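Chemist: Next up is a structure, given as structure tokens.
Number of protein chains: 2
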Amino acid sequence: MQTNPRIQGIVEKLKQAGCRITPQRLAILEVVTESRDHLTAEQIHALVAQRFPTTSLATVYKTVNLLRDEGELIELGFSGSAGTRYDGARPAPHPHLICVRCNRILDPEIRLFDELPGELTESYGYRILSHRIDIYGICPECQAAESRSQ
Amino acid sequence: MQTNPRIQGIVEKLKQAGCRITPQRLAILEVVTESRDHLTAEQIHALVAQRFPTTSLATVYKTVNLLRDEGELIELGFSGSAGTRYDGARPAPHPHLICVRCNRILDPEIRLFDELPGELTESYGYRILSHRIDIYGICPECQAAESRSQ
DNA sequence: GTTCGTGCAAATCCTTTGCAGCGAC
DNA sequence: GTCGCTGCAAAGGATTTGCACGAAC
């Protein structure tokens, strides 16, 4: 029995798209929508395994891609060691604040950006669909750790 | 004989860092700093091959990573089919306007962003190093192509 | 009962790496 | 002459795919 309205809505949408609601999909859905972190595929797999142990990594990938295509999850690809992260808690585009030392990702509160895309439509004729804003820096904890080790 | 001052400066910096200036590196340097496009590793390789035919893809990767570490080139990782792109023409962070149909990347003129990172230092204690801003949409040409094929 | 989804393993793609020989300095 | 750079081929990691079985509907 699922009481989270967001999840209920996604389940409805998936059903109407002709998708079946398997226990694996439900477990992945719960993990990605309820986590405040920005998880890797491996992390999602590990968390899902606690609730539904036999789920495979391949199924995790298939499901997050499905959710991404449905607009219910954001895929954040990074170059280098940070890899790909998934954000299912807040599917609308929003800025990310990323620590380059520990790779932690924060969601800062900035409204400014949301108005901006509109400007580009007039200037360049683009039809704006979404945007991605990443701010890279060093978090307070890592700054402290660095000054300690110097 | 190299007359481009930007390239001259990078060559100097590399020499002082103990790096050797090989013909391959110089050819790659010219390609990435002079192209207004946001090239893939394959594209860089193809363009360099015109000037210095025996250059390998591995050397392209090694050199762009070197330039990235020196801060002379920006690496733009995308998830999905767009892959990784390199921008050596404008090494300072700046917004990108990306067509989701043809994957073309434009550099829109927006100053607004440059002031913003400072705000985050006070609010979250992060030491801001750089940022990345991507706006996704459909370019005028692809919009026209789509309305034609409907 | 019919599909569709799953899980496994293999395949694929992109990027990095180990190493022998070459070339910049 | 030394040591870093190159190019090859092989390794590596992340993600996708093909297929037979099992499960949702």
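Protein sequence lines, in the order shown, are assigned to chains Z and A. The numbering of the first sequence is numbering that gives the first Met the number 0, which starts it at 0 and goes up by one. The numbering of the second sequence is numbering that gives the first Met the number 0, which starts it at 0 and goes up by one. Yeah, the Cβ is synthetic: ideal placement off N, Cα and C, and Gly gets one too. Please read these numbers as outputs of a predicted model, since none were measured by experiment.
When you compare only the Cα positions, how much space is there between Z/I104 and A/P52?
Modeler: Looking at the two C-alpha atoms, the distance is approximately 43 Å.
Chemist: Using a beta-carbon distance below 8 Å, is Z/H93 in contact with chain A?
Modeler: Answer no: the Cβ-Cβ gap between Z/H93 and chain A never drops below 8 Å.
Chemist: Starting from A/D133, find everything on chain Z with Cβ-Cβ shorter than 8 Å and list it in chain order.
Modeler: Simply H130, R131, I132.
Chemist: At a CB-CB cut-off below 7 Å, which residues of chain Z make contact with A/S122?
Modeler: By Cβ distance, chain Z contributes P107.
Chemist: At which residue ranges does the stretch 39-122 of chain Z contain complete beta strand (DSSP E) runs of 3 or more residues, listed in the order of the chain?
Modeler: Those beta strand (DSSP E) runs which fall completely within the stretch 39-122 of chain Z and span 3+ residues are 73-76, 83-86, 95-98.
Chemist: Which value, in whole angstroms, describes the spacing of the CA atoms of Z/T120 and Z/R50?
Modeler: So the two alpha carbons sit approximately 45 Å from each other.
Chemist: Between the stretch 91-100 of chain Z and the stretch 88-107 of chain A, do three or more beta carbon pairs fall short of 8 Å?
Modeler: Taking 8 Å as the limit for Cβ pairs, the verdict is that the stretch 88-107 of chain A does not touch the stretch 91-100 of chain Z.
Chemist: Among A/R67, A/R84, A/G70, which residue has its Cα nearest to the Cα of A/H37?
Modeler: The option with the nearest alpha carbon to A/H37 is A/R84.
Chemist: Report yes or no: do the stretch 12-26 of chain A and the stretch 56-72 of chain A share at least 3 C-beta pairs separated by less than 8 Å?
Modeler: The stretch 12-26 of chain A is in contact with the stretch 56-72 of chain A.
Chemist: Around the Cβ of Z/T32, are there at least 16 other Cβ atoms within 10 angstroms (buried) or fewer (exposed)?
Modeler: It is buried - the Cβ of Z/T32 has at least 16 other Cβ atoms within 10 Å.
Chemist: Assign Z/E41 to buried or exposed, taking buried as 16 or more other Cβ atoms, counted over all protein chains shown, within 10 Å of its Cβ.
Modeler: Classification for Z/E41: exposed.
Chemist: Measure the C-alpha to C-alpha separation of Z/I132 and Z/P4 and round it to an integer number of angstroms.
Modeler: Near 28 Å, if we compare the C-alpha coordinates of Z/P4 and Z/I132.
Chemist: Less than 8 Å separating the beta-carbons of Z/G87 and Z/L66?
Modeler: The answer is yes: Cβ separation under 8 Å.
Chemist: Would you list the residues sitting across from A/G136 in a DSSP beta bridge?
Modeler: In DSSP, A/G136 forms a bridge with Z/I127, A/C98.
Chemist: Residues of chain A with CB under 7 Å from Z/R103, in chain order?
Modeler: Those do not exist, as Z/R103 stays about 10 Å from chain A at its closest Cβ, beyond 7 Å.
Chemist: Count the other C-beta atoms from every protein chain shown that fall within 10 angstroms of the C-beta of Z/E145, then say buried if there are 16 or more, exposed otherwise.
Modeler: So Z/E145 counts as exposed.
Chemist: If A/I134 and Z/H44 are in contact, beta carbons under 8 Å, what's the gap, nearest whole angstrom?
Modeler: With a Cβ gap of about 32 Å, A/I134 and Z/H44 do not count as contacting.
Chemist: Take the Cβ of Z/E108 as the centre, count every other Cβ of all protein chains shown within 10 Å, and call the residue buried at 16 or more, exposed below.
Modeler: By the 10 Å Cβ count, Z/E108 comes out exposed.
Chemist: Can you give me the C-alpha to C-alpha distance between A/G76 and Z/G76, rounded to a whole angstrom?
Modeler: Approximately 6 Å between the Cα atoms of the pair.
Chemist: For Z/Q15, which residues of its own chain have a beta-carbon under 7 Å away from its beta-carbon, when the five flanking residues on both sides are left out?
Modeler: Around Z/Q15: no qualifying Cβ.
Chemist: Where does Z/I20 fall in DSSP's three states?
Modeler: The answer is coil: DSSP assigns Z/I20 none of H, G, I, E or B.
Chemist: Checking contacts by CB at 8 Å: is A/C138 closer than that to chain Z?
Modeler: Taking Cβ atoms only, chain Z reaches closer than 8 Å to A/C138, which makes this a yes.
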